[in-house]
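In full-length UniProt numbering, the protein residues as written are 1 to 579.
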């Protein structure tokens with residue numbers, strides 16, 4: 001927990017945090033003194049000179065007022081630290097997510113990331129003032145009071161110190177009992193959120209299949225698990241509450257019994273004994289604070305741990321090199337191996353070598369799972385090779401800065417994603433400072449202008465979340481325009497025309513070839529119209545290059561590519577006819 005908080009602190013906040021800890025300790029000292037000073041106050045009242053009680057009352061008043069001032073200063077520092085944590089936490093998480101290695105985002109880590117992002121809200125401001133500060137106070141206050149009791153009666157001081165050990169032991173045991181239950185509850189609640197969102201988004205398919213009942217859906221199962229884990233979490237908190245109650249009551253009995261014994265044996269006067277019992281009650285208030293904080297400690301710790309896991313996730317390598325983006329570069333994959341998992345079953349490429357000439361257009365074809373998209377991801381820098389190097393103009397990608405890598409490559413993904421904004425804003429993601437002329441040129445190349453003319457609001461029409469307002473082909477054309485408008489010297493295309501009708505497919509394939517920006521193009525394709533413009537074709541199977549050459553050369557070899565060409569050509573000529 002401490003490491004997570006320190007990781008979220010903005011730069012230069014260590015001094016403020018140190019001051020807050022000092023002020024918190026001083027505040028606790030003032031509260032402890034105000035309680036302990038009751039002993040000489042009561043003694044003075046029952047003495048032969050009761051007027052001396054005014055002196056002790058003045059001391060208590062002074063310490064109390066000083067405590068108020070210190071509390072105000074400590075709270076002010078705590079809130080400033082909290083707002084700093086909130087601001088820095090949100091920025092740090094957002095910045096970190098953009099540079100985390102993509103293969104880290106498995107199901108578990110994606111869930112952790114969602115929880116971490118959800119936690120960086122207003123509640124993060126109160127971590128210091130509502131959680132850390134009371135926790136520190138609950139430990140320091142009884143400790144100071146226990147030490148202060150020693151001059152009056154060392155037996156009471158020793159018993160109070162033992163009580164603190166019992167308190168901390170109970171707290172630790174309580175956390176052990178609730179830890180697994182809290183984590184399970186948080187995980188199942190997170191799964192419930194995902195399933196409910198999935199249930200809402202898939203209503204079209206569910207209604208068509210007549211599976212709209214929540215109870216019989218995956219969301220219903222997640223709801224049942226969440227209810228069960230929540231009940232278990234609440235149940236596991238009960239033993240901790242009982243333990244705290246027993247320890248506090250037992251400590252009170254021991255302190256009261258010792259006080260009575262010391263009074264009856266004339267080691268304490270009655271007034272002092274009465275005052276010490278009042279101090280003992282003040283001492284036991286910390287047990288109540290611990291009991292109240294205990295259920296939330298593991299939840300807060302888990303939340304901070306999730307944030308820390310994201311902040312410490314493996315990142316893409318960060319160099320400081322730059323490269324010329326004004327001309328189409330050469331590309332080389334040198335002895336590259338890549339594994340999606342931790343075992344051999346996830347091996348995609350092994351000692352893979354490929355050289356691509358500058359300004360050329362290379363098509364990669366092959367069966368599903370052969371590693372085609374992986375090659376594109378490695379060239380784009382979206383994935384890092386397990387071994388080997390990816391080089392651009394002879395320069396290793398990981399030696400470039402992240403900005404240089406991003407400026408180097410433009411990608412058309414097989415499954416494009418559009419954001420819930422205007423169509424124009426979605427295209428401008430590729431080049432935010434593009435002029436209207438550049439937007440229009442890219443839209444004409446990708447045949448987006450036809451979509452714009454059809455919609456009443458034109459460029460201002462909203463795409464909807466994920467592009468739900470558009471067809472699959474329209475989403476793909478917008479993503480192609482987004483890629484073409486970015487003046488990157490490398491263009492990577494992953495099945496760009498798979499969602500287009502034959503007419504638009506041919507037009508967009510021509511647009512990718514007619515793109516005026518000098519680029520080195522690498523495309524994964526199955527459609528013949530996309531492949532026909534390639535200078536070179538790589539046939540990939542099981543992570544190995546089976547055939548490599550121009551289309552005429554590969555057709556002449558009568559090998560795997562020739563079979564691929566013949567099959568797809570026959571399929572594209574196939575049509576329904578009347579009998």
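Quick reminder that beta carbons are idealized off the backbone N, C-alpha and C, glycines included.
Tell me whether residue i sits in a helix, a strand or coil according to DSSP, three-state version.
i, result
"residue 559", "coil"
"residue 422", "strand"
"residue 532", "coil"
"residue 18", "helix"
"residue 316", "coil"
"residue 287", "helix"
"residue 327", "coil"
"residue 578", "Because the pLDDT of residue 578 is 49, which lies under 50, any placement of that residue in the model is unreliable, and the number read from its coordinates should be weighed accordingly. Looking at residue 578 - three-state DSSP - the assignment turns out to be coil, as it is neither helix nor strand."
"residue 355", "strand"
"residue 95", "helix"
"residue 517", "coil"
"residue 457", "coil"
"residue 371", "coil"
"residue 491", "strand"
"residue 23", "helix"
"residue 486", "coil"
"residue 553", "helix"
"residue 385", "coil"
"residue 120", "coil"
"residue 106", "coil"
"residue 176", "helix"
"residue 151", "coil"
"residue 304", "helix"
Could you check if residue i is buried or exposed, using at least 16 other CB atoms within 10 Å of its CB as the buried criterion?
i, result
"residue 98", "exposed"
"residue 459", "buried"
"residue 283", "buried"
"residue 174", "buried"
"residue 448", "buried"
"residue 265", "exposed"
"residue 430", "buried"
"residue 493", "buried"
"residue 91", "exposed"
"residue 415", "exposed"
"residue 176", "exposed"
"residue 20", "buried"
"residue 577", "Caution is warranted here: a pLDDT of 49 is assigned to residue 577, below 50, making its placement in the model unreliable, and the coordinate value is therefore given only provisionally. Counting Cβ neighbours within 10 Å, residue 577 comes out exposed, since fewer than 16 surround it."
"residue 55", "exposed"
"residue 378", "buried"
"residue 94", "exposed"
"residue 58", "exposed"
"residue 108", "exposed"
"residue 582", "This structure does not reach residue 582, given that the chain is present from 1 up to 579, and the question cannot be answered."
"residue 464", "exposed"
"residue 579", "Residue placement at residue 579 is flagged as unreliable, the pLDDT there being 49, under the threshold of 50; a coordinate-derived value is accordingly withheld."
"residue 268", "buried"
"residue 318", "exposed"
"residue 77", "buried"
"residue 259", "buried"
Since residue i sits in a beta bridge, which residues does DSSP pair it with?
i, result
"residue 363", "523 and 537"
"residue 347", "339"
"residue 157", "According to DSSP, residue 157 bridges with nothing at all."
"residue 333", "354 and 390"
"residue 321", "400"
"residue 547", "539"
"residue 100", "315"
"residue 475", "DSSP, once it has assigned bridges, lists no residue as partnering residue 475."
"residue 462", "422"
Any beta carbon of chain D sitting closer than 8 Å to that of residue i?
i, result
"residue 129", "In summary, chain D is missing from the structure at hand, where a single protein chain is found."
Would the segment 364-373 and the segment 282-291 be scored as touching if the rule is three or more Cβ pairs under 8 Å?
-> no
Counting pairs of Cβ atoms below 8 Å between the segment 352-367 and the segment 401-411, do you hit three or more?
-> They do not touch, by the three-pair rule.
Can you check the segment 391-449 for any alpha helix (DSSP H) of at least 4 residues that lies completely inside it and give the ranges in chain order?
-> 402-408, 423-428 and 436-445
Is the number of C-beta pairs between the segment 273-280 and the segment 101-119 that are closer than 8 Å three or more?
-> no
Using 8 Å as the threshold, is the segment 393-402 in touch with the segment 559-566, meaning 3 or more CB pairs across them?
-> Cβ pair count under 8 Å is below three, so no.
Contact between the segment 383-393 and the segment 319-338 (3+ Cβ pairs under 8 Å) | yes
Decide yes or no for the touch test of the segment 142-151 against the segment 18-33: beta carbon pairs closer than 8 Å, at least 3 of them.
-> At 8 Å Cβ cutoff, the stretches touch.
Is there contact here, the segment 299-313 with the segment 149-165, by at least three beta-carbon pairs under 8 Å?
-> no
Does the count of Cβ pairs from the segment 461-475 and the segment 421-428 closer than 8 Å reach three?
-> The segment 461-475, when compared against the segment 421-428, does touch it at the 8 Å Cβ threshold.
Report yes or no: do three or more beta-carbon pairs, one from the segment 430-446 and one from the segment 480-491, lie closer than 8 Å?
-> yes
Cβ contact check for the segment 161-169 and the segment 247-255: 3 or more pairs under 8 Å = yes
Are at least three pairs of beta-carbons, each pair with one atom in the segment 359-367 and one in the segment 531-543, less than 8 Å apart?
-> yes
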